[in-house]
Amino acid sequence: MIKRGLIIVLLILVSGCVEYTDNTAICDDGRKVSLSEGCILDDGLNYFEEKNSKCAVGGCSSQICTTEEKAKDLVTTCEYMEEFGCLGLSNCKIIDGECGWEETPEYLDCLEGVNR
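The opening position of the sequence shown corresponds to residue 259 in our numbering, with each subsequent residue numbered one higher.
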């Protein structure tokens, strides 16, 4: 009789668990956000500050893919590396919730040629 009571209590407790299957995540601060939105970090470097952020290219050699807001004021040193020339075969876009360079087949082929 006691075993049945414990099993019933256990089943009631387990039935209250919530499983997220809707492409959301829980941030460290407890907020539930979409995977494409991401969680904002204090440094602001890895995640979007706004849901509608767009990506843009910045840097002296156009080698940085970041949000439009950050790209307009971005200052970098002005050196050029051969692989920067391959970025024209890539796309600066939202990838896994943050701005980044899309590794297109053409871009990857170009990098192989540079690294030979």
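We treat Cβ as the ideally placed atom computed from N, Cα and C, and that holds for glycine.
- Residue Ile322 holds the alpha-carbon nearest to the alpha-carbon of Met339 among Glu326, Ile322, Gly358, Glu360.
- Per DSSP, reduced to three states, the secondary structure at Val333 is coil, with no helix or strand assignment.
- With 16 or more neighbouring CB atoms inside 10 Å of its own CB, Leu345 falls in the buried class.
- Between the alpha carbons of Cys336 and Gly317 lies a distance of about 8 Å.
- Our two residues, Glu360 and Ile352, have alpha carbons roughly 9 Å apart in a direct line.
- Assignment of beta-bridge partners to Thr324 by DSSP yields Ala314.
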